[in-house]
Amino acid sequence: MQKNEIIHEELFVGRDLALDYHDGGFPISIVTFEARNKYISTTEPSPFENGYGRGIFAQLGLNEFLVKRSRNHWYQTDEIEKVIDIIKERAQGTSIVTYGGSMGGMAAISLASKLNAKTFIALSPLYDIEEGGEVQDDRWGDEGKIIDFKHNYIRNGDCKDSQGYVFYCPDTVDVEHARCIKRMTNATVVPLEYGGHPVSFFLNDTYKLKRLVSEIAHGEFDLNNFHNVVKTNTELTHYPHEKKASELSRIGDYDDAIISMRTASSMNPKIARLPFRLGELLLKVGRLQEAEGAFLQALETDRTMARAHLRLSVIHERQQKIPDAIRATRRALKLAPSKPEFHLRLGDLLRLANRLPEAESSISKAIQLKPESSNAHVRLSYVYAELERWNDAIAAMKQAISLSPDKPEYQLRLGEWQLMAGELLDAEESMAKAIEMSPGNSHYLVRLSYVFAAGKDYARSASAMQKALAISPDRSAYHLRHGECLIKAGELEAAETSMRQAVRLAPDAQRPKDRLRAVRAAIGRQRSKASA
Numbered sequence: 001m002q003k004n005e006i007i008h009e010e011l012f013v014g015r016d017l018a019l020d021y022h023d024g025g026f027p028i029s030i031v032t033f034e035a036r037n038k039y040i041s042t043t044e045p046s047p048f049e050n051g052y053g054r055g056i057f058a059q060l061g062l063n064e065f066l067v068k069r070s071r072n073h074w075y076q077t078d079e080i081e082k083v084i085d086i087i088k089e090r091a092q093g094t095s096i097v098t099y100g101g102s103m104g105g106m107a108a109i110s111l112a113s114k115l116n117a118k119t120f121i122a123l124s125p126l127y128d129i130e131e132g133g134e135v136q137d138d139r140w141g142d143e144g145k146i147i148d149f150k151h152n153y154i155r156n157g158d159c160k161d162s163q164g165y166v167f168y169c170p171d172t173v174d175v176e177h178a179r180c181i182k183r184m185t186n187a188t189v190v191p192l193e194y195g196g197h198p199v200s201f202f203l204n205d206t207y208k209l210k211r212l213v214s215e216i217a218h219g220e221f222d223l224n225n226f227h228n229v230v231k232t233n234t235e236l237t238h239y240p241h242e243k244k245a246s247e248l249s250r251i252g253d254y255d256d257a258i259i260s261m262r263t264a265s266s267m268n269p270k271i272a273r274l275p276f277r278l279g280e281l282l283l284k285v286g287r288l289q290e291a292e293g294a295f296l297q298a299l300e301t302d303r304t305m306a307r308a309h310l311r312l313s314v315i316h317e318r319q320q321k322i323p324d325a326i327r328a329t330r331r332a333l334k335l336a337p338s339k340p341e342f343h344l345r346l347g348d349l350l351r352l353a354n355r356l357p358e359a360e361s362s363i364s365k366a367i368q369l370k371p372e373s374s375n376a377h378v379r380l381s382y383v384y385a386e387l388e389r390w391n392d393a394i395a396a397m398k399q400a401i402s403l404s405p406d407k408p409e410y411q412l413r414l415g416e417w418q419l420m421a422g423e424l425l426d427a428e429e430s431m432a433k434a435i436e437m438s439p440g441n442s443h444y445l446v447r448l449s450y451v452f453a454a455g456k457d458y459a460r461s462a463s464a465m466q467k468a469l470a471i472s473p474d475r476s477a478y479h480l481r482h483g484e485c486l487i488k489a490g491e492l493e494a495a496e497t498s499m500r501q502a503v504r505l506a507p508d509a510q511r512p513k514d515r516l517r518a519v520r521a522a523i524g525r526q527r528s529k530a531s532a
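For the sequence shown, the UniProt record's numbering assigns the number 1 to the initial residue and increments by one for each residue that follows.
Quick look at the structure:
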């Protein structure tokens with residue numbers, strides 16, 4: 001077989017994994033693992049993509065196995081065993097190199113020993129993301145809770161003798177992963193100052209990924225030369241300016257951060273991430289038109305950047321253009337339909353537009369995708385409240401409380417819905433819990449006073465307001481409310497004292513003055529009646 005006679009075969013298609021093969025009859029085989037795709041689900045399969053290398057490594061003199069994933073399962077699926085067996089059978093007589101980034105980098109290391117690979121190449125690999133694991137890494141949503149990492153062979157010690165290279169950025173939590181991988185393997189770890197996550201983009205800009213892979217696979221890689229080339233080329237790229245912008249932003253120097261980010265974006269207009277980050281800085285300081293231009297520039301480069309559409313929706317909302325905000329969010333959802341936060345955002349906007357049935361549908365979809373989100377249940381309860389479906393609003397808030405029982409504001413809101421439903425005893429109990437959890441919150445006592453007033457227990461209503469005033473004595477509205485409760489309780493002179501305080505604290509407000517005159521008039525009538 002001639003080297004340019006590359007034969008492409010589909011070797012396996014399952015629910016979670018597929019395996020493609022580009023056979024060139026070479027003495028070296030590379031096994032590539034796809035990275036995580038933030039736009040697909042952890043649990044529900046999506047159509048398979050083209051694979052990590054897409055056949056390009058076969059052009060470098062390497063037989064190429066492409067392990068493809070249908071969901072973000074971190075290769076913790078029993079189908080991986082079948083895929084490994086197929087690769088080992090077809091790669092007999094060749095030396096194997098494994099390759100991947102991020103999630104794929106973890107697989108490239110973890111499965112190197114199972115494939116009897118001579119070396120691995122891992123870009124920004126993860127050691128372990130399981131909840132409660134050695135590395136505390138919260139970048140992957142709930143995947144660390146959902147997935148059973150039974151095929152993590154780095155963690156269980158099977159990769160002690162596996163050799164290879166780990167390229168990572170020391171400015172991220174990836175440094176912790178690299179430290180653990182170094183301990184559990186025979187890896188050479190290579191920190192890259194401006195690498196970010198994943199480091200693949202930085203490597204391609206400063207060294208070229210095909211060159212890196214080819215040199216390592218063919219045993220021609222010189223680490224010292226690599227560092228020299230990367231250092232020289234970095235100075236000609238946007239990375240130092242991008243990093244400077246990030247550092248300036250962290251200390252609150254947004255004007256200079258924006259200048260640095262503009263420089264970075266102008267140096268490489270083909271990278272959508274750069275104008276996107278510029279847009280985020282501009283959005284943070286309220287420069288909405290400039291931010292909109294930056295996000296649109298990002299979308300010109302990458303039409304699939306769902307986050308840019310979502311940021312445009314934020315800008316439109318701040319500009320009071322709710323229909324435009326809704327359209328932008330729908331565009332984001334079309335690109336990333338499995339993102340619960342996108343559905344929740346759409347629901348909030350639809351609620352603002354008073355399109356309540358649609359809002360209910362969108363927020364319910366967010367809950368379906370992420371049922372453990374207490375915030376989504378709270379948002380749904382607001383929709384039900386605006387529809388005056390109080391029983392549904394109460395049920396949604398109770399679900400939120402079951403998920404986040406330590407939030408006093410949830411207890412208060414439950415009490416509000418129970419008050420509107422006429423369930424006064426339940427409302428009192430819920431608000432009492434909120435007060436117990438947050439005893440220094442005067443607003444909670446004010447709301448409790450409304451529950452007592454609804455039950456015509458004006459003495460307890462006034463007492464609740466008195467407690468609120470003990471916490472916040474300088475609130476004119478609280479003195480006014482206290483006075484109203486005292487009037488209903490028949491304590492007119494005490495009410496006059498409270499109204500005087502309300503007027504003193506807000507001398508320009510008309511209502512306290514009107515109510516003070518009214519209570520004085522009532523006192524006068526009472527005295528006249530008593531003396532008659």
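Beta carbons are placed, not taken as given, at the ideal position from N, Cα and C, and that holds for glycine.
Every value quoted in this text rests on a predicted model; they were computed, and no experiment measured them.
Top-ranked residue by Cα proximity to residue i, from the options
{"i": "Tyr410", "options": "Tyr444, Thr329, Leu387, Ser461", "result": "Tyr444"}
{"i": "Gly93", "options": "Ala117, Glu247, Thr77", "result": "Ala117"}
{"i": "Ile121", "options": "Ser246, Ile154, Ala35, Ala217", "result": "Ala217"}
{"i": "Gln418", "options": "Val446, Arg389, Pro405, Leu403", "result": "Arg389"}
{"i": "Lys88", "options": "Lys114, Lys68, Gly100", "result": "Lys114"}
{"i": "Leu123", "options": "Gln510, Pro357, Phe202", "result": "Phe202"}
{"i": "Ala272", "options": "His309, Asp253, Gly25, Tyr458", "result": "His309"}
{"i": "Ser260", "options": "Glu235, Leu248, Gly415", "result": "Leu248"}
{"i": "Pro27", "options": "Ala58, Phe12, Tyr39", "result": "Ala58"}
{"i": "Ile322", "options": "Arg311, Arg331, Ser430, Leu350", "result": "Leu350"}
{"i": "Glu358", "options": "His343, Arg211, Leu505, Cys485", "result": "His343"}
{"i": "Pro507", "options": "Pro405, Arg475, Cys485, Arg527", "result": "Arg475"}
{"i": "Asn391", "options": "Glu436, Met184, Asp148, Glu416", "result": "Glu416"}
{"i": "Gly293", "options": "Thr304, Lys208, Leu278", "result": "Leu278"}
{"i": "Tyr75", "options": "Asp85, Glu491, Met103, Asn63", "result": "Met103"}
{"i": "Phe65", "options": "Asn72, Ile86, Ser46, Gln526", "result": "Ile86"}
Beta carbon of residue i nearer than 7 Å to that of residue j
{"i": "Gly61", "j": "His22", "result": "no"}
{"i": "Ile363", "j": "Ala376", "result": "yes"}
{"i": "Ala306", "j": "Leu335", "result": "yes"}
{"i": "Thr98", "j": "Ala108", "result": "yes"}
{"i": "Ala494", "j": "Val519", "result": "no"}
{"i": "Thr42", "j": "Ile146", "result": "yes"}
{"i": "Val135", "j": "Glu79", "result": "no"}
{"i": "Arg481", "j": "Met465", "result": "yes"}
{"i": "Val451", "j": "Ala427", "result": "yes"}
{"i": "Ala454", "j": "Leu412", "result": "no"}
{"i": "Phe33", "j": "Val83", "result": "no"}
{"i": "Ser472", "j": "Ser442", "result": "yes"}
{"i": "Ala468", "j": "Ala489", "result": "no"}
{"i": "Phe295", "j": "Leu282", "result": "no"}
{"i": "Phe276", "j": "Ala245", "result": "no"}
{"i": "Pro405", "j": "Ala434", "result": "no"}
{"i": "Ala530", "j": "Leu492", "result": "no"}
{"i": "Met431", "j": "Leu448", "result": "yes"}
Distance between beta carbons of residue j and residue i, contact taken as under 8 Å
{"i": "Tyr384", "j": "Ala396", "result": "6 Å"}
{"i": "Gly101", "j": "Ser200", "result": "5 Å"}
{"i": "Tyr239", "j": "Tyr194", "result": "4 Å"}
{"i": "Arg345", "j": "Thr329", "result": "5 Å"}
Bridge partners - residue i, DSSP secondary structure assignment
{"i": "Arg69", "result": "Leu17"}
{"i": "Ile28", "result": "Ser95"}
{"i": "Gly8", "result": "A small correction: the amino acid at residue 8 is His; Gly does not occupy that position in the sequence shown. Its beta-bridge partners are His22."}
{"i": "Leu123", "result": "Gly101, Phe167"}
{"i": "Thr188", "result": "Tyr165"}
{"i": "Asn354", "result": "The partner list for Asn354 (beta bridge, DSSP) is empty, contrary to what the question assumes."}
{"i": "Asn63", "result": "Ser29"}
Status (buried if at least 16 other CB within 10 Å, exposed otherwise) for residue i
{"i": "Leu17", "result": "buried"}
{"i": "Ile7", "result": "exposed"}
{"i": "Asn224", "result": "exposed"}
{"i": "Val378", "result": "buried"}
{"i": "Gly51", "result": "buried"}
{"i": "Pro198", "result": "buried"}
{"i": "Pro340", "result": "buried"}
{"i": "Gln501", "result": "buried"}
{"i": "His227", "result": "exposed"}
{"i": "Leu333", "result": "buried"}
{"i": "Asp20", "result": "buried"}
{"i": "Gly144", "result": "buried"}
{"i": "Asn204", "result": "exposed"}
{"i": "Gln2", "result": "Legend: pLDDT at Gln2 = 45, less than 50; position of this residue unreliable, value from coordinates given subsequently. Per the 10 Å Cβ criterion, exposed."}
{"i": "Val285", "result": "exposed"}
{"i": "Gly157", "result": "exposed"}
Below-7 Å beta-carbon distance, residue i vs any chain D residue
{"i": "Arg525", "result": "Absent from the structure: chain D. Only one protein chain is present."}
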